[in-house]
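Visitor: Residues -26 to -1, 1 to 474 in mature numbering (1 follows the signal peptide of the UniProt record, and there is no 0) are what the sequence shown spells out, letter by letter. Think of the CB as a built atom: it goes at the ideal place given N, C-alpha and C, for glycine as much as any other residue. Mind having a look at this structure? Questions to follow.
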Amino acid sequence: MKRLKKASCYSLLAAIALLTACSSNQTDNTNTSGNSSNGDTSSAETYEVVLGFPILSNVPNDLAAVEAEISKITKAKINATVKFAAVPIGQWTQQSNLMLTGGEKLDLMLTDFATYGGMVARKQLLPLDDLIEKYGQGIQESLGEKLESARIDGNIYATPVNQLPLGGSAIYMRKDVLDKAGIEASSITSTDDLDKLFQTIHEKNPDLTVIAPTPTGTMPMTSLIQSLGTIDTLTDGLGVLDTSNSSMQVVDLYETEAYANALKKMRSWYEAGFIPKDAVNTKVNNTDLLKSGKAFSLYDSDGPSREKISSANVGMEMVKVSLQQPLLRTQDVLGLDWAIPAKNSKNPDKALEFLNLMYTDKDILNLINFGIEGKHYTKNSDNTITRVANSGYELHQSFMFGDVSLTYLEAGEDVGTRDAAAFQTIASPALGFTPNLDAVKSEVAAVKNVTAQYVAALETGSVDPDKVLPVFIDKLKAAGMDKIVAEKQKQLDAWLASKK
């Protein structure tokens, strides 16, 4: 179950980005800032707040029952009821566009870093600064400086979901295999140390896949390369910023020496047999390879208690070695965000009041995420919960709403996953910069077609980078990469100037 929860966030982000490209139960609630209503709530007409968001599975049968329970709380606190416009993920882009353009009532909707800037440019979202100042004390307290990352041209148009800390990358290795080989994980301190490690594991375990790849389109294998940990991809990787220097110059990642060296490393691992020959076309999740006993290691995001999470995911003890520094970028903060559609909300004040409750009210968050206590989940003696199987409310999307730290821990989940202090990130100097590439959208589409043809093969070591990388770069230039880089640089310069 925890594997589903962790994977779901990345799956959702990837799915939204892909779909967008294809289409233009009572607990103590100690935070009093959640009660943002002013005056007597019984004196005015009750307003129904409609929330639109994608759902990873089928719409739960008991959704209406959960809405009713949430509405009992919101009626008392802000004189509003709640209605969920939950749309299956495969239909989300089309349906949300229809709701926006058709003027359908929609008070709050989920957006993400890939779509946020474009929606602001098209004036589809309402500026929230005044509303947050009036009703959003809880949002401000929850997000702190993260809220500034959502500022575009002087205004905040969405509030980021306050996610659990993640950043950088790490390699996760089977402890039993390491012990048998007499290798201490602490001896591995850099990407170069992996050469000797992989060779030893390969020689002693010739039937094991040394490093399990992920399916194309998810986390790249170059995440294992330490030197690339300083790269801020500026949301999409088409024009990046190397934060290891102070130049603030946007460059084409694929033309950098660091990227070329990373590909050479991948190629050497591929030729040595550490990377499977079918890596470029794999459809098998790396955790599944580990669970079946067919692989030694995998790579994934770093973060507090991720070692325990990885162990639980694969069913055996895993040991983590951090490889890339935890760089906090705009897209990490703006992964998923809540906004008020400018032309669709009939009462933005009420919308913001409810949004504030999603960052402050434990009862509401846990109703959204887990349903009704005693019916959809049970409380355990250690204050964790256990879901009731086939209960009628199976929503595994706690990463999507408000402040994730307020949600219940599920049985077996480590409290350390909530400890942000145990995992310190390094803020990119471009944190808060969100480029709008509408001016070069034709070039973006053309460049993405080129990267789709070459990147997976290059980054799994499946082709010779000395021969293929120059061809790839030439095709990127022909598709308009230089124009994209120049547009990002212009916007970054303007953003930096606005902060002085």
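How should S161 be labelled, buried or exposed, when 16 other C-beta atoms within 10 angstroms of its C-beta is the threshold for buried?
Guide: Walking along the sequence shown from the start, residue 161 turns up at place 187. Under this definition S161 is an exposed residue.
Visitor: For my contact list, R241 and P439 are in at a C-beta cut-off of 8 Å; report their separation, rounded to the angstrom.
Guide: Within the sequence shown, numbered from 1, the residue matching residue 241 stands at position 267. Within the sequence shown, numbered from 1, the residue matching residue 439 stands at position 465. That pair is a contact at about 6 Å.
Visitor: Given N12, which residues of its chain have a CB within under 7 Å of its CB, disregarding the five upstream and five downstream residues?
Guide: As a first step, residue 12 must be located in the sequence shown, where it is residue number 38. Bear in mind that a pLDDT of 43 at N12, under 50, signals an unreliable position, so the number given afterwards is only what the model happens to contain. Excluding sequence neighbours, N12 sits near nothing in its chain.
Visitor: So the alpha helix (DSSP H) M292 belongs to, where does it begin and stop?
Guide: As a position in the sequence shown, residue 292 is number 318, starting the count at 1. Not the alpha helix (DSSP H): M292 falls in the beta strand (DSSP E), residues M292 to Q298.
Visitor: What is the residue span of the alpha helix (DSSP H) that T133 lies within?
Guide: Taking the sequence shown and counting its residues from 1, the one referred to as residue 133 is at position 159. No alpha helix (DSSP H) contains T133, which is instead part of the beta strand (DSSP E) from A132 to P134.
Visitor: Quick check on the burial criterion: 16 or more other C-beta atoms within 10 angstroms. Buried or exposed for A468?
Guide: In the sequence shown, residue 468 corresponds to position 494, counting from 1. Answer is exposed; the Cβ neighbour count stays below 16.
Visitor: Counting only runs of 3+ residues fully inside the stretch 193 to 233, write out the beta strand (DSSP E) ranges in chain order.
Guide: As far as the stretch 193 to 233 is concerned, its whole beta strand (DSSP E) runs of at least 3 residues are 214 to 216.
Visitor: Can you tell me where the alpha helix (DSSP H) with Y344 in it begins and where it stops?
Guide: In the sequence shown, counting from the first residue as 1, residue 344 sits at position 370. Correcting the residue type first, residue 344 is Phe in the shown sequence and not Tyr. Here the alpha helix (DSSP H) through F344 covers K336 to F344.
Visitor: Taking contact to mean 3 or more Cβ pairs, one atom from each stretch, closer than 8 Å, check whether the stretch 166 to 185 and the stretch 312 to 327 are in contact.
Guide: Too few Cβ pairs lie closer than 8 Å, so no.
Visitor: Grouping DSSP H, G and I as helix and E and B as strand, with all else coil, what is F407?
Guide: Your numbering for residue 407 matches position 433 in the sequence shown. DSSP places F407 in coil when its eight states are reduced to three.
Visitor: Please confirm whether L215 and A471 have their CB atoms less than 7 Å apart.
Guide: Position 241 of the sequence shown holds residue 215. Position 497 of the sequence shown holds residue 471. No. Outside cutoff.
Visitor: Spatial neighbours of K473 within its chain, please: C-beta separation below 7 Å, excluding the five flanking residues on both sides.
Guide: Counting from 1 along the sequence shown, the entry for residue 473 is found at position 499. Contacts found: none.
Visitor: Where DSSP assigns a beta bridge to T183, which residues make up the other side?
Guide: Against the sequence shown, residue 183 aligns to sequence position 209. Looking at the DSSP assignment, T183 forms a beta bridge with A269.
Visitor: Is L25 closer than 7 Å to V135 when the C-beta atoms are compared?
Guide: Numbered from its first residue, the sequence shown carries residue 135 at position 161. Numbered from its first residue, the sequence shown carries residue 25 at position 51. Not a contact, by the Cβ cut-off of 7 Å.
Visitor: Let me check one thing: in DSSP terms, what residues is I126 bridge-paired to?
Guide: Your numbering for residue 126 matches position 152 in the sequence shown. BP columns for I126 point to N129.
Visitor: With V429 as the anchor, note down where its alpha helix (DSSP H) starts and where it stops.
Guide: As a working mapping, residue 429 is identified with position 455 in the sequence shown. Taken as a continuous stretch (DSSP letters only), the alpha helix (DSSP H) holding V429 covers K415 to E433.
Visitor: Buried or exposed, going by whether 16 or more other CB atoms sit within 10 Å of the CB of N410?
Guide: Position 436 of the sequence shown, counting from 1, holds the residue named residue 410. The residue is buried, with at least 16 neighbouring Cβ atoms inside 10 Å.
Visitor: Hey, how far is the Cα of S275 from the Cα of A18?
Guide: Sequence index remark: in the sequence shown, residue 275 carries index 301 (1-based). Sequence index remark: in the sequence shown, residue 18 carries index 44 (1-based). Between S275 and A18, the C-alpha separation is close to 48 Å.
Visitor: Which residues mark the beginning and the end of the beta strand (DSSP E) in which R361 is found?
Guide: To locate residue 361, count along the sequence shown from 1; it is residue 387. That run of the beta strand (DSSP E) goes I359 to R361.
Visitor: Under 8 Å, with one C-beta from each stretch per pair, do the stretch 224 to 231 and the stretch 151 to 167 reach the 3-pair mark?
Guide: Because the criterion of three Cβ pairs below 8 Å is not met, the stretch 224 to 231 and the stretch 151 to 167 do not touch.
Visitor: Quick check on G128: buried or exposed, where buried means 16 or more other Cβ atoms within 10 Å of its Cβ?
Guide: Position 154 of the sequence shown, counted from the first residue, corresponds to residue 128. Exposed is the call here.
Visitor: Considering only residues of the same chain and omitting the five flanking positions on each side of E461, which have a CB-CB separation below 7 Å?
Guide: For the purposes of this step, residue 461 is taken as the residue at position 487 of the sequence shown. If we look at E461 and ignore the five residues flanking it on each side, its Cβ neighbours are L411, A413 and V414.
Visitor: In this structure, does DSSP put N3 in helix, strand or coil?
Guide: As a working note, residue 3 is residue 29 in the sequence shown. Its pLDDT being 40, under 50, N3 is placed unreliably in this model, and the coordinates cannot settle the point.
Visitor: I'd like to know if the stretch 85 to 100 and the stretch 30 to 49 are in contact, where contact means that at least 3 CB-CB pairs between them fall below 8 Å.
Guide: Contact fails: fewer than three Cβ-Cβ distances are below 8 Å.
Visitor: Using DSSP's beta-bridge definition, name the partner residues of V56.
Guide: Translated into positions along the sequence shown, residue 56 becomes position 82. Partner(s): V23.
Visitor: Going by the CB atoms, is the gap between I52 and L30 shorter than 7 Å?
Guide: In the sequence shown, counting from the first residue as 1, residue 30 sits at position 56. In the sequence shown, counting from the first residue as 1, residue 52 sits at position 78. No, they are not a contact pair.
Visitor: Determine the DSSP secondary structure at P250, reduced to helix, strand or coil.
Guide: Along the sequence shown, read from residue 1 onward, the residue named residue 250 stands at position 276. Reduced to three states, the DSSP call for P250 is coil.
Visitor: Taking contact to mean at least 3 C-beta pairs separated by less than 8 Å, is the stretch 425 to 437 in contact with the stretch 234 to 249?
Guide: Touching, per the Cβ criterion.
Visitor: In or out: P250 buried (at least 16 other Cβ within 10 Å) or exposed?
Guide: Working through the sequence shown from its first residue, we reach residue 250 at position 276. Burial call: buried.
Visitor: Going by the CB atoms, is the gap between N340 and Y382 shorter than 7 Å?
Guide: Locating residue 382 in the sequence shown gives position 408, counting from the first residue. Locating residue 340 in the sequence shown gives position 366, counting from the first residue. Going by C-beta atoms, Y382 is nearer than 7 Å to N340.
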